[in-house]
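Quick notes on the structure that follows.
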Amino acid sequence: MLARVCARVGTLQETRRRPVSEEYDVHAMQERWLQEWDRLRPFATDDETDTRPRKYVLDMFPYPSGDLHMGHAESYAYGDVLARYWRQQGFNVLHPIGWDSFGLPAENAAIKRGVDPAGWTNANIEQHKRSMRRYATAFDWDRILHTSDPGYYKWNQWLFLELFKAGLAYRKPANVNWCPNDQTVLANEQVIDGHCERCDALVEKKQLTQWFFKITDYADRLLDDLNQLEGRWPEKVLRMQRNWIGRSEGADVDFAIEGRDEPVRVFTTRPDTLFGVTFMVVAPDSDLASELVAGADEATQAAFAEYLQRTQRMTDIDRQSTEREKTGVPLGRDAIHPFTGERIPMWAADYVLADYGHGAVMAVPAHDQRDLDFARVFDLPVKVVVDTNAPVTGVMPMIPIDDDGNAIEPESYEPVDPAVTGEALTGSGRMIQSGPLDGLSKQNAIARAIAMLEERGIGGAAKTYRLRDWLISRQRYWGTPIPIVHTADGEMVPVPLEQLPVTLPSAEGLDLKPKGSSPLGAATEWMAVPSPIDGSPAQRDPDTMDTFVDSSWYYLRFLSPNDDTKAFDPAQADRWAPVDRYVGGVEHAILHLLYARFITKVLFDLGHVSFTEPFESLLNQGMVILDGAKMSKSKGNLVTLSEELDRFGVDAIRVTMSFAGPPEDDIDWKDVSPAGAQKFLARAWRLSGEVKAPKGADAKGGDAALRRETHKFWRDAPGLIEALKFNVVVARLMELTNAARKAVDGDAGAADPAVREAVEAIALGLSLYAPYTAEDMWARLGHEPSVANAGWRKADATLLVEQSTTAVVQVNGKVRDRVEVPASIGADELEALARSLPGVVRSVGNGQIVKAIVRAPQLVNLVVR
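Residues 1 to 865 in the UniProt record's numbering are what the sequence shown spells out, letter by letter.
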């Protein structure tokens with residue numbers, strides 16, 4: 001500790017001796033202050049005795065592919081404003097950085113170049129580090145991580161084993177999304193419009209044995225806890241997560257099947273329409289369909305086999321399209337209606353998905369459009385059981401009336417027939433042709449039908465979800481090895497904690513090219529291990545984990561990044577977490593954010609953390625585009641960040657990003673002006689060299705107008721930053737710079753202490769946006785570094801007392817009077833006052849005021865005829 005103090009004193013002395021700049025040379029400033037900050041460590045958070053209140057600001061960690069790009073420049077500018085702002089407000093701010101370094105892009109790049117993914121990845125990480133330091137992001141450089149480090153993925157494996165022990169990690173055969181290009185499985189969330197979200201290849205269905213996390217066990221909590229995030233997460237993200245979880249409430253119904261001992265269970269959101277079931281539909285790629293057709297005749301089996309092949313070549317998106325004509329084949333089996341005992345034919349049809357509900361649906365064609373479309377193609381019965389012309393209130397159904405207004409006798413009344421119109425009756429009404437449900441409204445019929453199912457032991461109330469369990473295994477090399485050993489008798493045994501990490505074997509000699517099975521399976525020496533139970537010969541699991549597992553808990557590893565005894569220290573989690581502000585793109589609204597919320601809730605249930613949501617508030621930035629389009633090398637519209645930084649300097653780019661508009665809006669680079677930002681910064685910087693008042697001079701008695709502008713900035717800026725109006729604060733800094741320049745060039749002069757007060761405010765404000773310029777200004781003003789920790793100033797309330805101004809009143813564009821009014825006067829009040837002024841009354845005379853143009857508090861123009 002003594003050595004550190006001595007080194008810091010020496011550094012400060014050297015800083016005071018160092019001459020400040022004589023001209024605004026952005027690149028010289030960058031080189032000088034980077035070296036100073038490395039010595040000063042202004043953003044370190046390793047002092048356990050620090051009693052300041054804490055804030056945790058986190059940027060979504062990047063993938064180390066090439067150098068930083070314009071999107072990084074935008075995102076890191078916003079996160080840095082918040083981190084620096086809270087530090088100026090007196091908080092101890094944790095702002096770490098790491099790299100999401102496992103995954104397909106690195107592996108594919110390594111295959112293309114014929115190199116080891118580890119070497120390629122580590123080189124990119126080093127490039128990112130250099131660029132991030134240059135960009136002056138206020139990171140604690142003692143808290144870095146990358147997920148391909150065994151010191152990180154050891155705890156990834158620990159997390160897997162925690163879920164495995166809790167029954168939340170399991171392995172099973174399943175129809176999975178298969179990317180034929182990357183030769184690996186994809187989670188449902190990684191399929192976008194039927195295509196791989198990584199390479200855009202058309203995704204296929206394939207049956208493989210895979211590892212899953214039981215995220216569906218947490219579906220209700222993931223959905224209901226979104227209410228806690230209202231007002232703190234963007235509404236768009238909340239809506240996307242709610243839709244993805246997709247909770248539906250209804251009932252499970254058991255249908256007996258001829259020749260089968262076990263009934264088939266289906267889920268329906270409309271148990272009130274049970275008496276309208278006329279057939280059943282089973283997903284062709286479900287185990288149930290294959291089982292049912294097995295006893296059918298050869299022709300039926302052949303037709304089914306051909307149909308199954310066609311189905312497996314389709315995406316889920318295509319299968320559920322309402323534009324396609326419905327297709328299907330009979331299964332040669334009948335179900336038995338649970339209430340009427342009627343025989344109901346069973347069909348296989350691709351519009352039903354194997355993983356929805358139970359993979360089978362009861363078809364009510366009169367009241368479901370998809371079922372109706374299918375029934376009309378195959379000439380199946382359509383039975384109306386809801387009279388949608390009947391009122392939903394009252395006791396009895398509406399008495400139908402003919403064209404002459406006469407009541408139609410019940411026995412002659414025929415409801416609309418959807419089989420003829422082609423439009424299903426999906427509205428509410430009263431039940432008909434439904435035995436004990438006749439006459440009931442929809443909600444009462446649902447409740448009664450559920451009660452009947454429960455009374456007979458053939459079903460009951462149930463919920464289902466669009467959300468599916470998280471498929472986490474991948475058939476690729478560059479990822480976290482799954483810490484499971486498979487014994488000769490098929491038992492799955494967890495790798496003991498003391499044997500973690502299970503490290504990847506060297507890529508040398510392995511064929512990493514995708515081929516449908518994991519390259520690790522060919523690492524025979526690595527695969528062969530003794531069983532942890534009895535030492536008998538066994539095999540490792542050859543798959544690796546989805547990289548979204550890596551990023552689901554990394555915010556916790558930042559709290560103990562160098563601890564090799566535990567994933568994270570619970571005491572540090574209590575001290576820092578959850579994250580106060582998370583910054584990143586909306587493209588992660590479903591994938592990453594949903595998985596991180598799930599893992600946090602699991603860790604809470606297992607007693608590892610004391611909170612259930614990982615991120616208190618969320619900032620989604622827009623994109624940086626060019627000429628209205630996403631930047632792309634192939635389109636020839638790519639702006640290179642490094643070139644822009646070389647041309648204008650880091651501060652100008654950061655200010656440009658922050659000034660462009662609200663963070664959530666896209667930034668079109670053709671519409672912004674880094675050159676303008678550079679000129680503004682140079683003007684502000686020059687002021688710092690012109691200040692003549694001594695440091696610490698009392699500004700009372702100085703230029704009153706300038707002092708008011710300065711203290712209005714101190715008052716208003718915090719609220720604007722908290723509201724994420726970063727661009728407005730930059731605009732206010734520009735106004736204050738202009739006011740200070742006017743004072744220096746006017747009667748007040750550079751010796752006025754109010755000028756020093758204003759320029760120090762500009763430097764402190766710019767420390768959030770333009771750290772190099774701000775630090776240089778601070779030094780030129782005679783202060784020791786770092787300006788980042790100088791502390792925000794408080795506004796003097798006496799200087800903010802409401803001021804008055806002179807309003808000019810015109811009639812038909814000519815000045816007729818003037819009046820002193822409060823600066824905050826409203827438009828209506830000012831207009832009424834203007835109408836009453838003697839000069840105005842005389843000018844209007846007998847004329848009529850037909851229009852009033854009011855620009856409160858300065859101007860009123862009355863148009864008179």
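Yeah, the Cβ is synthetic: ideal placement off N, Cα and C, and Gly gets one too.
Values in this document were obtained by computation on a predicted structure and should not be read as measured data.
Nonlocal neighbours in the same chain, by C-beta distance under 7 Å from residue i, ignoring five residues either side
i           : result
residue 162 : 606
residue 245 : 219, 222, 223, 465, 466 and 467
residue 183 : 475, 514, 515 and 516
residue 277 : 337, 344, 362, 363 and 364
Residue of the options minimising C-alpha distance to residue i
i           : options               : result
residue 493 : 678, 111 and 533      : 533
residue 600 : 586, 589, 588 and 615 : 615
residue 192 : 70, 491, 587 and 226  : 587
residue 727 : 765, 139 and 214      : 765
residue 481 : 519, 330, 174 and 664 : 519
residue 763 : 744, 752 and 740      : 740
residue 677 : 693, 573 and 657      : 657
residue 471 : 207, 89 and 863       : 207
residue 457 : 715, 63, 775 and 338  : 338
residue 709 : 743, 725, 693 and 695 : 743
residue 66  : 125, 81, 460 and 38   : 125
residue 29  : 296, 865, 855 and 776 : 776
residue 866 : 854, 857, 157 and 852 : Only positions 1 to 865 of the chain appear in the structure, and residue 866 is not among them; the question remains open.
C-alpha distance - residue i paired with residue j, whole-angstrom precision
i           : j           : result
residue 738 : residue 747 : 15 Å
residue 544 : residue 477 : 7 Å
residue 99  : residue 152 : 11 Å
residue 538 : residue 181 : 31 Å
residue 688 : residue 733 : 14 Å
residue 868 : residue 170 : A question about residue 868 goes unanswered here, because the residues of the chain that appear run from 1 up to 865.
residue 323 : residue 354 : 21 Å
residue 119 : residue 571 : 35 Å
residue 611 : residue 548 : 21 Å
residue 396 : residue 439 : With a pLDDT of 42 at residue 396, under the threshold of 50, the predicted position of this residue should be treated as unreliable, though the coordinate-derived value follows. Cα to Cα, residue 396 sits roughly 6 Å from residue 439.
residue 807 : residue 711 : 24 Å
residue 393 : residue 608 : Model confidence at residue 393 stands at a pLDDT of 45, short of 50, so the residue's coordinates are unreliable; what they give is reported in the following sentence. Using only the alpha carbons, I get a separation of about 52 Å.
residue 325 : residue 436 : 36 Å
residue 266 : residue 177 : 24 Å
residue 630 : residue 672 : 16 Å
residue 350 : residue 319 : 6 Å
residue 794 : residue 81  : 19 Å
Beta-carbon spacing of residue i, residue j below 8 Å
i           : j           : result
residue 74  : residue 621 : yes
residue 649 : residue 27  : yes
residue 212 : residue 147 : no
residue 475 : residue 185 : yes
residue 40  : residue 786 : yes
residue 840 : residue 862 : yes
residue 820 : residue 804 : yes
residue 271 : residue 453 : yes
residue 707 : residue 761 : no
residue 661 : residue 667 : yes
residue 24  : residue 835 : no
residue 569 : residue 559 : yes
residue 647 : residue 691 : no
Other residues of its chain near residue i: CB distance less than 6 Å, five sequence neighbours each side excluded
i           : result
residue 214 : 168 and 469
residue 651 : 681, 770, 772 and 773
residue 331 : 292, 293, 346 and 348
residue 429 : 386, 387, 388 and 390
residue 752 : 702 and 703
residue 50  : 92
residue 269 : 248 and 250
Any non-hydrogen atom of the ligand SAH within 7 Å of residue i CB
i           : result
residue 177 : What this structure holds is no ligand at all, so the ligand SAH is not there to describe.
Close beta carbons around residue i, own chain, < 8 Å, minus the five adjacent residues each side
i           : result
residue 846 : none
residue 410 : Unreliable positioning characterises residue 410 in this predicted model, as indicated by a pLDDT of 49, which lies under 50. A coordinate reading is not provided.
| said: Below 8 Å, how does it come out for the region 245-262 and the region 314-325: are there three or more Cβ pairs, yes or no? | reply: The region 245-262, when compared against the region 314-325, does not touch it at the 8 Å Cβ threshold.
| query | Looking at C-beta atoms only, is the number of pairs between the region 376-386 and the region 299-308 that lie closer than 8 Å three or more? | reply | Flag = no, the region 376-386 and the region 299-308 do not touch.
| task | Evaluate contact between the region 578-595 and the region 229-248, counting only Cβ atoms and requiring at least three cross-stretch pairs below 8 Å. | result | Contact holds: three or more Cβ-Cβ distances are below 8 Å.
| request: Count the C-beta pairs between the region 269-287 and the region 348-367 that are closer than 8 Å, then say yes if the count reaches three, no if not. | output: The region 269-287, when compared against the region 348-367, does touch it at the 8 Å Cβ threshold.
| Touching or not, the region 696-713 and the region 628-639, by the rule of three or more beta carbon pairs under 8 Å? | Touching, no.
| query | Is the region 565-581 in contact with the region 45-61, if contact means three or more CB pairs nearer than 8 Å? | reply | The region 565-581 is in contact with the region 45-61.
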